[in-house]
Amino acid sequence: MAPSLIHSSLHAVLDGTEAKLDPTAYAVEHYRGIKYGKIFQRFAKAVLVDDWHGEKLDCSRFGYVFPIALSSLQFRATDTDKSSHLQKHSPQCPQNNVDAGHLLRIPEILDKDQEEVKQDEFECLNLNVSVPARTTSTKDLLPVLIWIHGETLLTPNISIMSFPPAAHRCSDTTTLVQRSIEMGKPMIIVTFNYRLNIFGFGDGGEKNLALKDQQLAIEWVVKHIAGFGGDKNNITLGGESAGAVYAHAHLTSGSPVARGLLQSGSLYLSPPQPLEKGTSLISRLSASLLERHNVSLSEAPVPILLQSLLENNINPFWIQQEPDLLGWEGRVNDVQELLIGDVEYESVIWRNGIETVSATEIAATFDNEKLKSLYGVSPSRPTASRLAALDFINDLRFALPIEEISASRRSAGKATYQYVFDQVNPWQSSSRAHHGVDLISLFGGYDLTFNPAAAAVAKSMQERWITFVNGKSPWNGDTRFAFGPHGKSGEITDEEFAARRRVGHFGLLREMDPVRLGGIFGGLAAGRISLLN
(Lines of atoms letter the chains of each structure in order from A and count residues from 1; the text may use other names and numbers.)
(Lines give C-alpha, C1' and ligand atoms only; values in the text may rest on other atoms or scores of the structure.)
Protein backbone atom coordinates (compact mmCIF):
# COMPACT_ATOMS: atom_id res chain seq x y z
CA MET A 1 0.00 0.00 0.00
CA ALA A 2 1.38 3.40 -0.99
CA PRO A 3 2.21 5.65 1.97
CA SER A 4 0.12 8.73 2.64
CA LEU A 5 1.34 11.49 4.94
CA ILE A 6 -0.72 14.25 6.53
CA HIS A 7 1.76 17.13 6.69
CA SER A 8 0.70 19.75 9.20
CA SER A 9 3.00 22.65 8.29
CA LEU A 10 2.47 22.24 4.53
CA HIS A 11 -1.30 21.87 5.09
CA ALA A 12 -1.38 19.00 2.63
CA VAL A 13 -1.79 15.27 2.27
CA LEU A 14 1.19 13.74 0.45
CA ASP A 15 0.70 10.46 -1.40
CA GLY A 16 4.13 8.91 -1.84
CA THR A 17 5.59 5.62 -2.99
CA GLU A 18 7.38 2.84 -1.13
CA ALA A 19 10.55 1.10 -2.27
CA LYS A 20 12.30 -2.09 -1.19
CA LEU A 21 15.45 -3.49 -2.73
CA ASP A 22 14.19 -6.99 -1.96
CA PRO A 23 11.21 -8.48 -0.07
CA THR A 24 13.17 -8.81 3.18
CA ALA A 25 14.70 -5.32 3.09
CA TYR A 26 13.64 -2.34 5.14
CA ALA A 27 11.14 -0.15 3.31
CA VAL A 28 11.87 3.41 2.24
CA GLU A 29 9.16 5.98 1.61
CA HIS A 30 9.71 8.49 -1.20
CA TYR A 31 7.77 11.74 -1.47
CA ARG A 32 8.74 13.04 -4.88
CA GLY A 33 8.14 16.13 -6.93
CA ILE A 34 7.10 18.44 -4.09
CA LYS A 35 7.08 21.98 -5.38
CA TYR A 36 9.20 24.28 -3.19
CA GLY A 37 9.43 27.39 -5.36
CA LYS A 38 7.41 29.32 -7.91
CA ILE A 39 9.03 31.08 -10.87
CA PHE A 40 6.72 33.82 -12.16
CA GLN A 41 8.87 34.83 -15.11
CA ARG A 42 12.20 34.00 -16.70
CA PHE A 43 15.19 35.25 -14.69
CA ALA A 44 13.02 36.22 -11.72
CA LYS A 45 13.87 35.21 -8.18
CA ALA A 46 11.68 32.31 -7.11
CA VAL A 47 9.12 32.58 -4.31
CA LEU A 48 8.73 29.94 -1.60
CA VAL A 49 5.80 27.53 -2.01
CA ASP A 50 4.94 25.96 1.33
CA ASP A 51 1.20 26.14 1.96
CA TRP A 52 -1.14 23.88 0.00
CA HIS A 53 -4.34 24.90 1.80
CA GLY A 54 -5.57 21.37 2.42
CA GLU A 55 -4.82 19.93 -1.01
CA LYS A 56 -3.79 16.37 -1.80
CA LEU A 57 -0.49 16.00 -3.68
CA ASP A 58 0.58 13.07 -5.84
CA CYS A 59 4.19 12.61 -4.69
CA SER A 60 4.66 9.17 -6.21
CA ARG A 61 6.75 10.26 -9.19
CA PHE A 62 9.49 12.73 -9.98
CA GLY A 63 8.37 16.18 -10.99
CA TYR A 64 5.68 18.54 -9.79
CA VAL A 65 2.14 17.22 -10.27
CA PHE A 66 -0.91 19.47 -10.29
CA PRO A 67 -2.54 19.23 -6.85
CA ILE A 68 -5.97 17.76 -6.17
CA ALA A 69 -8.23 19.73 -3.85
CA LEU A 70 -9.54 17.37 -1.18
CA SER A 71 -13.00 18.88 -1.55
CA SER A 72 -13.18 18.05 -5.26
CA LEU A 73 -11.50 14.66 -5.69
CA GLN A 74 -14.47 13.14 -7.51
CA PHE A 75 -14.81 16.09 -9.87
CA ARG A 76 -11.12 16.16 -10.75
CA ALA A 77 -11.00 12.42 -11.41
CA THR A 78 -13.80 12.62 -13.98
CA ASP A 79 -12.78 15.85 -15.67
CA THR A 80 -10.83 15.01 -18.83
CA ASP A 81 -8.85 18.24 -19.15
CA LYS A 82 -7.88 18.47 -15.51
CA SER A 83 -7.22 14.73 -15.26
CA SER A 84 -4.65 15.01 -18.05
CA HIS A 85 -3.11 17.99 -16.26
CA LEU A 86 -2.60 15.80 -13.20
CA GLN A 87 -0.09 13.78 -15.20
CA LYS A 88 2.11 16.77 -15.96
CA HIS A 89 5.61 15.97 -14.71
CA SER A 90 8.40 18.51 -15.26
CA PRO A 91 11.26 17.41 -13.05
CA GLN A 92 14.15 19.56 -14.23
CA CYS A 93 15.23 22.78 -15.85
CA PRO A 94 15.67 22.80 -19.65
CA GLN A 95 19.19 21.86 -20.70
CA ASN A 96 21.12 20.37 -23.58
CA ASN A 97 21.38 16.64 -23.03
CA VAL A 98 24.51 15.25 -21.39
CA ASP A 99 25.13 11.51 -21.14
CA ALA A 100 26.81 11.08 -17.76
CA GLY A 101 26.64 7.32 -18.29
CA HIS A 102 29.38 7.67 -20.92
CA LEU A 103 31.94 8.93 -18.41
CA LEU A 104 30.73 6.62 -15.64
CA ARG A 105 30.99 3.63 -18.03
CA ILE A 106 27.51 2.47 -17.05
CA PRO A 107 26.50 -0.32 -19.47
CA GLU A 108 23.68 0.95 -21.67
CA ILE A 109 21.53 -2.09 -20.93
CA LEU A 110 21.37 -1.07 -17.25
CA ASP A 111 19.75 2.25 -18.11
CA LYS A 112 17.45 1.07 -20.90
CA ASP A 113 14.36 1.46 -18.69
CA GLN A 114 15.47 4.81 -17.29
CA GLU A 115 12.52 7.14 -16.75
CA GLU A 116 12.35 9.96 -19.27
CA VAL A 117 13.32 13.26 -17.71
CA LYS A 118 10.99 16.04 -18.81
CA GLN A 119 11.84 19.72 -18.68
CA ASP A 120 10.02 22.95 -17.86
CA GLU A 121 11.69 26.23 -16.94
CA PHE A 122 8.81 27.37 -14.70
CA GLU A 123 7.88 24.09 -12.98
CA CYS A 124 11.36 22.75 -12.27
CA LEU A 125 11.69 23.79 -8.62
CA ASN A 126 10.66 20.56 -6.95
CA LEU A 127 12.27 18.35 -4.36
CA ASN A 128 12.21 14.75 -3.17
CA VAL A 129 12.20 13.47 0.40
CA SER A 130 13.29 9.89 1.15
CA VAL A 131 12.53 8.63 4.66
CA PRO A 132 12.59 5.32 6.52
CA ALA A 133 9.12 3.78 6.38
CA ARG A 134 7.10 4.69 9.42
CA THR A 135 7.05 1.03 10.45
CA THR A 136 10.70 1.57 11.44
CA SER A 137 10.69 1.96 15.22
CA THR A 138 12.08 5.37 16.17
CA LYS A 139 10.59 8.22 18.15
CA ASP A 140 13.47 10.62 17.66
CA LEU A 141 13.70 13.22 14.92
CA LEU A 142 16.13 11.97 12.28
CA PRO A 143 19.26 13.60 10.83
CA VAL A 144 18.91 14.95 7.31
CA LEU A 145 21.21 14.98 4.28
CA ILE A 146 20.43 17.65 1.68
CA TRP A 147 22.18 16.68 -1.56
CA ILE A 148 22.95 19.14 -4.39
CA HIS A 149 23.46 17.50 -7.78
CA GLY A 150 26.03 18.95 -10.14
CA GLU A 151 25.62 21.12 -13.23
CA THR A 152 27.82 22.77 -15.83
CA LEU A 153 29.74 25.29 -13.76
CA LEU A 154 33.18 26.81 -13.46
CA THR A 155 34.71 30.01 -14.78
CA PRO A 156 34.46 31.75 -18.16
CA ASN A 157 35.34 29.27 -20.94
CA ILE A 158 36.11 26.47 -18.45
CA SER A 159 33.40 24.19 -17.15
CA ILE A 160 32.75 21.08 -15.14
CA MET A 161 29.96 18.81 -16.17
CA SER A 162 26.53 17.84 -14.94
CA PHE A 163 25.78 14.58 -13.23
CA PRO A 164 22.42 12.85 -13.02
CA PRO A 165 19.51 14.47 -11.19
CA ALA A 166 17.38 12.64 -8.66
CA ALA A 167 15.32 10.88 -11.32
CA HIS A 168 18.40 8.98 -12.55
CA ARG A 169 19.24 5.57 -11.18
CA CYS A 170 22.75 6.74 -10.33
CA SER A 171 21.23 9.13 -7.79
CA ASP A 172 18.59 6.79 -6.34
CA THR A 173 18.48 7.36 -2.57
CA THR A 174 16.78 4.06 -1.67
CA THR A 175 19.95 2.09 -0.93
CA LEU A 176 21.52 4.78 1.23
CA VAL A 177 18.41 5.27 3.38
CA GLN A 178 17.91 1.52 3.68
CA ARG A 179 21.54 1.08 4.74
CA SER A 180 21.05 3.72 7.42
CA ILE A 181 18.12 1.74 8.85
CA GLU A 182 20.16 -1.47 8.84
CA MET A 183 22.92 0.29 10.78
CA GLY A 184 20.50 1.56 13.40
CA LYS A 185 21.32 5.11 12.26
CA PRO A 186 18.25 6.02 10.19
CA MET A 187 18.38 9.25 8.24
CA ILE A 188 16.39 11.28 5.72
CA ILE A 189 17.71 12.40 2.32
CA VAL A 190 16.41 15.42 0.41
CA THR A 191 17.34 15.98 -3.24
CA PHE A 192 16.05 18.79 -5.42
CA ASN A 193 16.16 20.43 -8.82
CA TYR A 194 17.16 24.02 -9.48
CA ARG A 195 17.61 26.23 -12.50
CA LEU A 196 20.57 25.38 -14.74
CA ASN A 197 22.75 27.09 -17.38
CA ILE A 198 21.47 30.51 -18.50
CA PHE A 199 18.20 30.04 -16.59
CA GLY A 200 20.17 29.79 -13.35
CA PHE A 201 22.71 32.44 -14.33
CA GLY A 202 20.37 35.32 -15.05
CA ASP A 203 20.19 38.16 -17.55
CA GLY A 204 22.19 40.72 -15.60
CA GLY A 205 19.39 41.67 -13.24
CA GLU A 206 18.85 39.09 -10.51
CA LYS A 207 22.09 37.09 -10.33
CA ASN A 208 23.04 33.59 -9.17
CA LEU A 209 19.51 32.26 -9.56
CA ALA A 210 20.71 28.66 -9.22
CA LEU A 211 22.33 29.48 -5.89
CA LYS A 212 19.19 31.31 -4.74
CA ASP A 213 16.96 28.41 -5.79
CA GLN A 214 19.13 26.19 -3.64
CA GLN A 215 18.85 28.61 -0.72
CA LEU A 216 15.08 28.46 -1.11
CA ALA A 217 15.13 24.66 -1.04
CA ILE A 218 17.26 24.70 2.12
CA GLU A 219 14.82 27.18 3.70
CA TRP A 220 11.93 24.86 2.79
CA VAL A 221 13.68 21.89 4.40
CA VAL A 222 14.40 23.81 7.61
CA LYS A 223 10.74 24.87 7.83
CA HIS A 224 9.07 21.59 6.92
CA ILE A 225 11.36 18.60 7.45
CA ALA A 226 9.91 17.98 10.92
CA GLY A 227 6.68 16.92 9.21
CA PHE A 228 8.63 14.03 7.68
CA GLY A 229 10.29 13.16 10.99
CA GLY A 230 13.48 15.12 10.33
CA ASP A 231 15.51 17.31 12.68
CA LYS A 232 16.00 20.85 11.32
CA ASN A 233 18.92 21.31 13.70
CA ASN A 234 20.75 18.24 12.40
CA ILE A 235 21.18 18.89 8.68
CA THR A 236 24.19 17.98 6.54
CA LEU A 237 24.56 19.84 3.24
CA GLY A 238 26.53 18.00 0.58
CA GLY A 239 27.24 17.69 -3.11
CA GLU A 240 29.64 16.36 -5.71
CA SER A 241 31.55 18.26 -8.43
CA ALA A 242 29.63 21.49 -9.14
CA GLY A 243 27.22 20.40 -6.42
CA ALA A 244 30.12 20.57 -3.97
CA VAL A 245 31.06 24.02 -5.28
CA TYR A 246 27.54 25.19 -4.53
CA ALA A 247 27.52 23.46 -1.14
CA HIS A 248 30.79 25.20 -0.24
CA ALA A 249 29.26 28.55 -1.23
CA HIS A 250 26.32 27.95 1.09
CA LEU A 251 28.60 26.84 3.92
CA THR A 252 30.55 30.10 3.69
CA SER A 253 27.36 32.18 3.57
CA GLY A 254 25.83 31.17 6.89
CA SER A 255 23.59 28.35 5.69
CA PRO A 256 21.64 26.93 8.68
CA VAL A 257 23.22 23.48 8.62
CA ALA A 258 25.22 21.47 11.14
CA ARG A 259 27.86 20.04 8.82
CA GLY A 260 29.12 19.97 5.25
CA LEU A 261 30.12 17.27 2.78
CA LEU A 262 32.25 18.21 -0.23
CA GLN A 263 33.02 15.52 -2.82
CA SER A 264 35.37 16.44 -5.67
CA GLY A 265 34.75 20.15 -5.56
CA SER A 266 35.00 23.43 -3.68
CA LEU A 267 34.92 27.14 -4.43
CA TYR A 268 38.61 26.84 -5.32
CA LEU A 269 37.47 24.84 -8.35
CA SER A 270 35.07 27.58 -9.44
CA PRO A 271 35.69 30.84 -7.56
CA PRO A 272 33.06 33.62 -7.73
CA GLN A 273 33.74 35.82 -10.75
CA PRO A 274 33.49 39.62 -11.22
CA LEU A 275 30.11 40.83 -12.42
CA GLU A 276 31.55 42.32 -15.62
CA LYS A 277 32.36 38.83 -16.92
CA GLY A 278 28.70 37.94 -16.66
CA THR A 279 27.72 41.14 -18.43
CA SER A 280 30.00 40.24 -21.34
CA LEU A 281 28.52 36.75 -21.70
CA ILE A 282 24.94 38.02 -21.57
CA SER A 283 25.69 40.70 -24.18
CA ARG A 284 27.18 38.12 -26.54
CA LEU A 285 24.25 35.74 -26.16
CA SER A 286 21.67 38.53 -26.49
CA ALA A 287 23.30 39.85 -29.67
CA SER A 288 23.36 36.39 -31.22
CA LEU A 289 19.68 35.75 -30.42
CA LEU A 290 18.70 39.07 -31.96
CA GLU A 291 20.82 38.59 -35.08
CA ARG A 292 19.99 34.94 -35.81
CA HIS A 293 16.47 34.61 -34.45
CA ASN A 294 15.19 38.18 -34.01
CA VAL A 295 14.22 37.51 -30.41
CA SER A 296 15.37 38.79 -27.03
CA LEU A 297 16.98 36.77 -24.25
CA SER A 298 13.91 37.12 -22.03
CA GLU A 299 11.44 36.10 -24.75
CA ALA A 300 13.35 33.44 -26.72
CA PRO A 301 11.56 30.07 -26.86
CA VAL A 302 13.42 27.44 -24.84
CA PRO A 303 14.58 25.34 -27.86
CA ILE A 304 16.01 28.43 -29.56
CA LEU A 305 17.72 29.56 -26.38
CA LEU A 306 19.33 26.16 -25.84
CA GLN A 307 20.38 26.02 -29.49
CA SER A 308 21.93 29.45 -29.19
CA LEU A 309 24.04 28.28 -26.26
CA LEU A 310 25.44 25.55 -28.52
CA GLU A 311 25.88 27.85 -31.53
CA ASN A 312 27.91 30.29 -29.48
CA ASN A 313 29.79 27.58 -27.57
CA ILE A 314 28.43 29.01 -24.33
CA ASN A 315 28.66 26.00 -22.08
CA PRO A 316 30.05 27.13 -18.74
CA PHE A 317 28.37 29.29 -16.19
CA TRP A 318 29.73 30.37 -12.87
CA ILE A 319 28.89 31.90 -9.53
CA GLN A 320 28.88 35.69 -9.80
CA GLN A 321 30.50 37.71 -7.04
CA GLU A 322 27.90 39.14 -4.67
CA PRO A 323 28.26 40.60 -1.15
CA ASP A 324 27.42 37.33 0.62
CA LEU A 325 30.40 35.66 -1.05
CA LEU A 326 33.05 38.31 -0.42
CA GLY A 327 35.93 36.92 1.63
CA TRP A 328 34.73 33.34 1.24
CA GLU A 329 38.28 32.00 1.58
CA GLY A 330 38.39 33.01 5.24
CA ARG A 331 34.98 31.63 6.14
CA VAL A 332 35.49 27.93 5.55
CA ASN A 333 35.47 27.32 9.29
CA ASP A 334 31.90 28.53 9.82
CA VAL A 335 30.47 24.99 9.72
CA GLN A 336 31.30 22.84 12.73
CA GLU A 337 32.03 19.57 10.90
CA LEU A 338 33.25 18.90 7.38
CA LEU A 339 33.86 15.76 5.34
CA ILE A 340 35.95 16.47 2.24
CA GLY A 341 37.89 14.53 -0.39
CA ASP A 342 38.58 13.65 -4.00
CA VAL A 343 39.01 10.77 -6.42
CA GLU A 344 42.36 9.80 -7.88
CA TYR A 345 41.69 10.94 -11.49
CA GLU A 346 39.55 14.08 -11.34
CA SER A 347 41.05 15.62 -14.47
CA VAL A 348 39.80 12.85 -16.77
CA ILE A 349 37.08 15.20 -18.00
CA TRP A 350 39.79 17.27 -19.72
CA ARG A 351 41.63 14.29 -21.20
CA ASN A 352 40.30 14.31 -24.76
CA GLY A 353 40.65 18.07 -24.95
CA ILE A 354 44.26 17.98 -23.79
CA GLU A 355 45.00 15.29 -26.39
CA THR A 356 44.48 17.93 -29.10
CA VAL A 357 47.13 20.24 -27.64
CA SER A 358 50.73 20.00 -28.83
CA ALA A 359 53.61 19.56 -26.42
CA THR A 360 54.99 22.88 -27.64
CA GLU A 361 51.78 24.69 -26.69
CA ILE A 362 51.66 22.98 -23.29
CA ALA A 363 55.28 23.94 -22.62
CA ALA A 364 54.54 27.55 -23.56
CA THR A 365 51.52 27.59 -21.23
CA PHE A 366 53.65 26.33 -18.34
CA ASP A 367 55.49 29.67 -18.25
CA ASN A 368 57.51 28.83 -15.14
CA GLU A 369 60.66 26.74 -15.48
CA LYS A 370 60.43 25.25 -11.98
CA LEU A 371 56.83 24.23 -12.58
CA LYS A 372 57.69 22.85 -16.00
CA SER A 373 60.49 20.75 -14.53
CA LEU A 374 58.39 19.58 -11.58
CA TYR A 375 55.64 18.19 -13.83
CA GLY A 376 57.96 16.90 -16.55
CA VAL A 377 56.80 19.16 -19.38
CA SER A 378 58.95 19.10 -22.52
CA PRO A 379 58.24 20.25 -26.11
CA SER A 380 59.88 17.05 -27.35
CA ARG A 381 57.72 14.71 -25.22
CA PRO A 382 54.04 15.06 -26.18
CA THR A 383 52.66 12.16 -24.13
CA ALA A 384 54.50 13.16 -20.97
CA SER A 385 53.49 16.80 -21.43
CA ARG A 386 49.80 15.97 -21.88
CA LEU A 387 49.83 13.77 -18.79
CA ALA A 388 51.61 16.58 -16.94
CA ALA A 389 48.86 19.01 -17.92
CA LEU A 390 46.21 16.67 -16.51
CA ASP A 391 48.23 16.16 -13.33
CA PHE A 392 48.56 19.91 -12.88
CA ILE A 393 44.80 20.45 -13.27
CA ASN A 394 44.16 17.65 -10.80
CA ASP A 395 46.52 19.12 -8.21
CA LEU A 396 45.65 22.80 -8.54
CA ARG A 397 41.87 22.58 -8.60
CA PHE A 398 41.15 19.44 -6.57
CA ALA A 399 43.89 17.91 -4.39
CA LEU A 400 45.62 21.06 -3.12
CA PRO A 401 42.43 22.94 -2.14
CA ILE A 402 41.36 19.97 -0.02
CA GLU A 403 44.68 20.14 1.82
CA GLU A 404 44.36 23.90 2.31
CA ILE A 405 40.77 23.75 3.56
CA SER A 406 41.54 20.84 5.88
CA ALA A 407 44.66 22.48 7.33
CA SER A 408 42.82 25.74 7.93
CA ARG A 409 39.99 24.01 9.73
CA ARG A 410 42.23 21.83 11.86
CA SER A 411 44.23 24.85 12.97
CA ALA A 412 40.93 26.37 14.11
CA GLY A 413 40.02 23.21 16.02
CA LYS A 414 37.11 22.31 13.72
CA ALA A 415 36.29 18.65 13.07
CA THR A 416 37.47 17.72 9.58
CA TYR A 417 37.38 14.31 7.94
CA GLN A 418 39.53 13.98 4.85
CA TYR A 419 39.35 11.06 2.42
CA VAL A 420 40.69 9.80 -0.89
CA PHE A 421 38.68 7.59 -3.23
CA ASP A 422 40.95 5.32 -5.27
CA GLN A 423 38.67 2.40 -6.20
CA VAL A 424 38.62 1.97 -9.99
CA ASN A 425 35.49 2.05 -12.12
CA PRO A 426 33.57 -1.20 -11.47
CA TRP A 427 32.77 -1.81 -15.14
CA GLN A 428 36.06 -0.68 -16.71
CA SER A 429 39.06 -0.75 -14.41
CA SER A 430 41.34 0.86 -17.00
CA SER A 431 39.32 4.07 -16.54
CA ARG A 432 40.82 4.35 -13.04
CA ALA A 433 39.13 6.09 -10.11
CA HIS A 434 37.86 8.94 -12.25
CA HIS A 435 35.70 11.99 -11.65
CA GLY A 436 32.16 10.99 -10.65
CA VAL A 437 32.81 7.30 -10.07
CA ASP A 438 32.34 7.73 -6.31
CA LEU A 439 28.63 8.45 -6.91
CA ILE A 440 28.17 4.85 -7.99
CA SER A 441 29.51 3.71 -4.63
CA LEU A 442 27.71 6.30 -2.52
CA PHE A 443 24.17 5.87 -3.78
CA GLY A 444 24.37 2.19 -4.67
CA GLY A 445 21.89 2.48 -7.50
CA TYR A 446 23.50 -0.40 -9.38
CA ASP A 447 24.07 -3.99 -8.31
CA LEU A 448 27.84 -4.35 -7.80
CA THR A 449 27.90 -7.96 -6.63
CA PHE A 450 29.62 -8.89 -9.91
CA ASN A 451 32.63 -6.94 -8.61
CA PRO A 452 33.28 -7.84 -4.93
CA ALA A 453 35.99 -5.20 -4.53
CA ALA A 454 33.69 -2.42 -5.75
CA ALA A 455 30.83 -3.73 -3.60
CA ALA A 456 33.04 -3.74 -0.50
CA VAL A 457 34.14 -0.14 -1.06
CA ALA A 458 30.57 0.97 -1.71
CA LYS A 459 29.40 -0.58 1.56
CA SER A 460 32.24 1.05 3.48
CA MET A 461 31.60 4.45 1.91
CA GLN A 462 27.88 4.33 2.60
CA GLU A 463 28.47 3.37 6.24
CA ARG A 464 30.98 6.19 6.77
CA TRP A 465 28.75 8.83 5.17
CA ILE A 466 25.74 7.67 7.22
CA THR A 467 27.81 7.83 10.39
CA PHE A 468 28.88 11.39 9.55
CA VAL A 469 25.32 12.54 8.78
CA ASN A 470 24.32 11.11 12.17
CA GLY A 471 26.80 13.45 13.85
CA LYS A 472 29.36 10.77 14.72
CA SER A 473 33.01 10.51 13.68
CA PRO A 474 33.32 8.38 10.52
CA TRP A 475 37.02 7.86 11.32
CA ASN A 476 39.77 9.49 13.35
CA GLY A 477 39.82 13.11 12.19
CA ASP A 478 43.59 13.31 12.70
CA THR A 479 44.11 10.81 9.86
CA ARG A 480 42.89 10.43 6.30
CA PHE A 481 40.67 7.60 5.12
CA ALA A 482 41.16 5.75 1.84
CA PHE A 483 38.49 3.95 -0.18
CA GLY A 484 40.27 1.46 -2.43
CA PRO A 485 42.07 0.36 -4.36
CA HIS A 486 41.44 -3.40 -4.56
CA GLY A 487 38.34 -3.26 -2.36
CA LYS A 488 40.22 -2.21 0.76
CA SER A 489 39.16 0.73 2.93
CA GLY A 490 40.81 2.15 6.01
CA GLU A 491 42.76 4.95 7.65
CA ILE A 492 46.13 5.76 6.07
CA THR A 493 49.29 7.45 7.31
CA ASP A 494 50.78 10.65 5.89
CA GLU A 495 53.37 8.53 4.11
CA GLU A 496 50.69 6.37 2.52
CA PHE A 497 48.79 9.50 1.48
CA ALA A 498 51.94 10.90 -0.16
CA ALA A 499 52.13 7.72 -2.23
CA ARG A 500 48.60 8.37 -3.56
CA ARG A 501 48.71 12.13 -4.29
CA ARG A 502 51.50 14.42 -5.54
CA VAL A 503 52.11 15.97 -2.13
CA GLY A 504 55.66 16.90 -3.12
CA HIS A 505 54.29 19.22 -5.81
CA PHE A 506 52.13 21.22 -3.41
CA GLY A 507 55.01 23.28 -2.02
CA LEU A 508 55.76 25.04 -5.30
CA LEU A 509 52.06 25.52 -6.03
CA ARG A 510 51.68 27.24 -2.66
CA GLU A 511 54.65 29.53 -3.38
CA MET A 512 53.46 30.71 -6.78
CA ASP A 513 51.11 33.61 -7.43
CA PRO A 514 47.52 32.24 -7.54
CA VAL A 515 46.66 34.56 -10.43
CA ARG A 516 49.55 33.21 -12.47
CA LEU A 517 48.56 29.63 -11.67
CA GLY A 518 44.99 30.43 -12.67
CA GLY A 519 46.25 31.71 -16.00
CA ILE A 520 48.13 28.47 -16.64
CA PHE A 521 45.05 26.47 -15.70
CA GLY A 522 42.90 28.55 -18.05
CA GLY A 523 45.37 28.15 -20.88
CA LEU A 524 45.26 24.38 -20.52
CA ALA A 525 41.61 23.81 -19.65
CA ALA A 526 39.59 26.45 -21.50
CA GLY A 527 37.09 24.87 -23.88
CA ARG A 528 38.58 21.40 -23.49
CA ILE A 529 36.16 19.63 -21.14
CA SER A 530 33.79 16.81 -22.01
CA LEU A 531 31.95 13.87 -20.50
CA LEU A 532 32.93 11.93 -23.62
CA ASN A 533 36.20 10.76 -22.06
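Residue numbers are given in the working numbering: position 517 of the sequence shown equals residue 524, and the series is strictly consecutive. Cβ atoms here follow ideal geometry from the backbone N, Cα and C, with glycine treated the same way.
8 angstroms Cβ cutoff met for LEU152 and ILE196: Yes, Cβ-Cβ distance for LEU152 and ILE196 is below 8 angstroms.
Span separating the alpha-carbon of ALA505 from that of ILE13: Between the C-alpha atoms of ALA505 and ILE13 there is a straight-line separation of about 53 angstroms.
Same chain only: Cβ atoms within 8 angstroms of HIS231, ignoring 5 sequence neighbours per side: Shown here for HIS231: same chain residues with a beta carbon closer than 8 angstroms to its own, the five before and five after excluded, namely HIS14, SER16, LEU17 and ASP57 in chain order.
Three-state secondary structure (DSSP) of LEU312: The answer is helix: DSSP assigns LEU312 an H, G or I state.
Proximity to GLY207 [Cα-Cα], best of ALA233, GLY237, VAL476 and GLY157: When each option's Cα is compared against that of GLY207, the closest is GLY157.
Buried or exposed (CB count within 10 angstroms, at least 16 for buried), ARG266: ARG266 is buried by the Cβ-count criterion.
Buried or exposed by the 16-neighbour rule on C-beta atoms within 10 Å, applied to GLN327: Answer is buried; the Cβ neighbour count reaches 16.
Other residues of its chain near ALA251: CB distance less than 7 angstroms, five sequence neighbours each side excluded: If we look at ALA251 and ignore the five residues flanking it on each side, its Cβ neighbours are LEU269, GLN270, SER271, GLY272 and SER273.
Identity of the residue in ALA406, LYS479, ILE205 and ASP179 nearest SER290 by Cα: For SER290, the nearest C-alpha among the options comes from ILE205.
Per-residue DSSP class, three states only, for VAL132: Checking the sequence, you will find Leu at residue 132 rather than Val. Taken through DSSP and simplified to helix, strand or coil, LEU132 comes out as coil.
Sub-8 angstroms separation of SER467 and PHE450 beta-carbons: PHE450 is positioned such that its CB atom lies no closer than 8 angstroms to that of SER467.
Pair within 8 angstroms by beta-carbon distance, ILE155 and GLY211: It is not a contact, given that the beta carbons lie outside the stated cut-off.
As assigned by DSSP and simplified to three states, the class of ARG509: Under the three-state reduction of DSSP output, ARG509 falls in the coil class, being neither helix nor strand.
Cβ-Cβ distance between VAL464 and GLN430 below 8 angstroms: Yes, they are a contact pair.
Touch test, the stretch 331 to 338 against the stretch 363 to 372, Cβ-Cβ under 8 angstroms, three pairs minimum: The answer is no - the stretch 363 to 372 does not touch the stretch 331 to 338, with fewer than three Cβ pairs under 8 angstroms.
Residue from ARG388, GLY191, ARG299 and ALA254 with nearest C-alpha to ASP220: Among ARG388, GLY191, ARG299 and ALA254, the Cα nearest to that of ASP220 belongs to ALA254.
C-beta contact flag for ILE447 and PRO433 at 8 angstroms: In contact: ILE447 and PRO433 (Cβ atoms closer than 8 angstroms).
Residue interval of the beta strand (DSSP E) (run including VAL350): Run containing VAL350: 344 to 350, per the beta strand (DSSP E) assignment.
Option in LYS52, ILE46, VAL20 and HIS37 with minimal Cα separation from TRP59: Here the closest residue by C-alpha is VAL20.
Cutoff 8 angstroms; reference ARG439; Cβ partners in own chain excluding five residues on either side: Short of 8 angstroms from the beta carbon of ARG439, and not among the five residues preceding or following it, lie these beta carbons of its own chain, in chain order: GLU351, TYR352, VAL355, VAL431 and ASN432.
Rounded separation between LEU455 and GLY494 - CA only: Their backbone Cα atoms lie some 12 angstroms apart in a straight line.
LYS27, DSSP secondary structure in three states: Three-state result, LYS27: coil.
LYS230 in three-state terms, based on DSSP: LYS230 sits in a helix when the DSSP states are folded into three classes.
GLY23 and ALA32 closer than 8 angstroms at C-beta: A distance of 8 angstroms or more separates the beta carbons of GLY23 and ALA32.
Cutoff 7 angstroms; reference GLY484; Cβ partners in own chain excluding five residues on either side: Here the set comprises ALA422, THR423 and TYR424.
Candidates LEU55, ARG39 and TYR43, of which the one nearest ARG68 by Cα: Of LEU55, ARG39 and TYR43, the smallest CA-CA separation from ARG68 is found for ARG39.
Member of ILE225, LEU381 and LYS27 whose CA lies at the smallest distance from the CA of VAL510: Minimum Cα-Cα distance from VAL510 among the listed residues ILE225, LEU381 and LYS27 corresponds to LEU381.
Coarse secondary structure for ASP22, derived from DSSP in three states: Reduced to three states, the DSSP call for ASP22 is strand.
Residue burial classification, VAL339 (beta-carbon count within 10 angstroms, cutoff 16): Per the 10 Å Cβ criterion, buried.
3 or more residues per run - each beta strand (DSSP E) lying fully within the stretch 226 to 293: The stretch 226 to 293 contains these whole beta strand (DSSP E) runs: 237 to 247 and 266 to 270.
Minimum length 4: unbroken alpha helix (DSSP H) runs contained in the stretch 176 to 228: Scanning the stretch 176 to 228 for uninterrupted alpha helix (DSSP H) segments of 4 residues or longer gives 181 to 189 and 204 to 208, listed from N- to C-terminal end.
Sequence ranges, alpha helix (DSSP H) only - wholly within the stretch 419 to 490, length at least 4: You should have 445 to 450 and 459 to 476.
Pick from PHE50, GLY61, SER248 and ARG186 that is closest to VAL444, judged by C-alpha positions: Among PHE50, GLY61, SER248 and ARG186, the Cα nearest to that of VAL444 belongs to SER248.
THR372 and GLY530 closer than 8 angstroms at C-beta: At the C-beta level, THR372 and GLY530 come within 8 angstroms of one another.
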